[in-house]
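This report refers to the structure that appears directly beneath it.
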Amino acid sequence: MGEAKRRKTALGEQYGQEERILSWVPITKRQGDAFYQWTTRGAWIGIGVMVALWVTVRLIGPLFGWWEVQ
Numbered sequence: 014m015g016e017a018k019r020r021k022t023a024l025g026e027q028y029g030q031e032e033r034i035l036s037w038v039p040i041t042k043r044q045g046d047a048f049y050q051w052t053t054r055g056a057w058i059g060i061g062v063m064v065a066l067w068v069t070v071r072l073i074g075p076l077f078g079w080w081e082v083q
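Positions 14 to 83 (the working numbering) are the ones given, in order, by the sequence shown.
Next comes the structure, spelled out in C-alpha cells:
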C-alpha cells in the first residue's frame, strides 16, 4: 500500500485517469488501440472486397462474354 500512496501523492489529480498517447493530444491509449483495431479490420475487409471484385471482373466477366459469342 505504501507504493500506491506514494504514486497518488506524486500524480495528484491525474491519479486514476487513463494515460494519454501524448500530453497535448486528448486521446487515451485505450482509444488509440480501439482506432487501430477498427482500421486494421477495415483494411482487411477492403482487401477482401478488392479480391472479390478482381475475381469477378477477371474470371466471371469473360465467361459471360464467351457464352454470348457461341
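Every residue gets a Cβ at the ideal spot worked out from N, C-alpha and C, and that includes glycine.
Problem set entry | Test item: CB-CB of E42 and E32 under 7 angstroms | Sequence inspection shows Lys at residue 42; the Glu mentioned does not correspond to that position. Against a cut-off of 7 angstroms, the Cβ pair of E32 and K42 comes out as a contact.
Exercise. R13 lies in the alpha helix (DSSP H); which residues open and close that run?
Worked result: The requested residue 13 does not occur in the structure, where the chain is confined to residues 14 to 83.
Exercise. Skipping 5 residues on each side, what residues in its chain have a beta carbon closer than 8 angstroms to that of P39?
Worked result: R33
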